[in-house]
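A.B. asks: Please see the structure below; I have some questions.
In my numbering, the protein residues as written are 28 to 191.
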């Protein structure tokens with residue numbers, strides 16, 4: 028992870044390797060208690076798509092730690108990369124307890140009273156800068172799923188450093 032932290036952009040296939048290793052470690056840590064799947068549209072296969080480094084991992088971490096960890100029964104995490112005309116869509120979806128219940132649990136933890144998460148704010152800033160640089164929309168959309176779970180959609184404009 029530290030090797031990629033210094034880089035602004037990395038190839039999508041490298042990001043997939045990092046995500047897979049991270050999720051596999053978390054799966055082992057939690058006794059293989061959840062199912063996960065990384066999907067990539069066929070249209071992206073073989074393409075040299077660049078993505079902002081380490082942008083997806085914090086959302087996978089949130090899904091596991093705040094959504095799935097506290098859920099009873101079947102636990103699923105899906106991360107899907109989709110090709111759009113001007114952007115790469117990354118959808119992180121879990122069937123966990125949802126953001127409202129997770130917020131209640133975190134509110135009652137002592138550690139949350141002294142720790143303020145900055146990860147999502149930093150990612151929003153990075154997307155804003157990317158939007159300014161490319162002139163293409165970039166954003167994060169949060170959806171609460173029914174009966175439970177969360178879907179996060181990240182719109183990442185395609186970026187070609189040589190073209191700008």
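From the three backbone atoms N, C-alpha and C, an ideal C-beta is built for every residue, glycine too.
These figures come from a predicted structure and were not determined experimentally.
#1: Select from 158, 121, 146 and 105 the residue whose C-alpha is nearest the C-alpha of residue 113.
#2: Of all the options 31, 38 and 98, which has the alpha carbon lying nearest to the alpha carbon of residue 185?
#3: Can you tell me which residues form a DSSP beta bridge with residue 120?
#4: Taking 7 Å as the cut-off, decide whether the C-beta atoms of residue 149 and residue 167 are in contact.
#5: If I follow the unbroken alpha helix (DSSP H) through residue 166, where does it start and stop?
#6: Could you tell me whether the Cβ atoms of residue 176 and residue 123 are closer together than 7 Å?
#7: Taking only the alpha-carbon atoms, compute the straight-line gap between residue 68 and residue 107 and give it to the nearest angstrom.
#8: Assign residue 44 to one of three DSSP states: helix, strand, or coil.
#9: Anyone know if the C-beta pair for residue 121 and residue 94 falls short of 7 Å?
#10: To the nearest angstrom, how far is the alpha carbon of residue 31 from that of residue 80?
#11: What ranges does the beta strand (DSSP E) occupy inside the segment 45-75, keeping only unbroken runs of at least 3 residues that lie completely in it?
#12: Go ahead and label residue 33 buried or exposed: buried means 16 or more other beta carbons lie within 10 angstroms of its beta carbon, across all protein chains shown.
#13: Quick one: Cα of residue 35 to Cα of residue 154, how far?
#14: Check the DSSP bridge columns for residue 86 and list the partner residues they point to.
#15: Please classify residue 179 as buried or exposed, where buried requires at least 16 neighbouring CB atoms within 10 angstroms.
#16: With distances taken Cα to Cα, identify the nearest neighbour of residue 127 among 49, 104 and 169.
C.D. replies: Walking through what the data contain:
#1: Residue 113 has its Cα closest to that of 158, out of 158, 121, 146 and 105.
#2: Of the candidates 31, 38 and 98, the one whose C-alpha sits nearest the C-alpha of residue 185 is 38.
#3: DSSP lists 105 and 178 as partners of residue 120.
#4: In this structure, residue 149 sits away from residue 167, with a CB-CB distance that is not shorter than 7 Å.
#5: Taken as a continuous stretch (DSSP letters only), residue 166 belongs to no alpha helix (DSSP H), being part of the beta strand (DSSP E) at 166-171.
#6: A distance below 7 Å separates the beta carbons of residue 176 and residue 123.
#7: Residue 68 and residue 107 have their C-alpha atoms roughly 8 Å apart.
#8: In the structure shown, residue 44 sits in a helix (DSSP, three-state: H, G or I).
#9: Against a cut-off of 7 Å, the Cβ pair of residue 94 and residue 121 comes out as a contact.
#10: The alpha-carbon atoms of residue 31 and residue 80 are separated by roughly 6 Å.
#11: For the segment 45-75, whole beta strand (DSSP E) runs of length 3 or above, ordered along the chain, are 62-67.
#12: Taking a 10 Å sphere around the C-beta of residue 33, we find fewer than 16 other C-beta atoms and assign the residue as exposed.
#13: Their Cα atoms are separated by approximately 12 Å.
#14: Beta-bridge annotation (DSSP): residue 86 is not paired with any residue.
#15: Per the 10 Å Cβ criterion, buried.
#16: Comparing alpha carbon positions, the residue from 49, 104 and 169 closest to residue 127 is 169.
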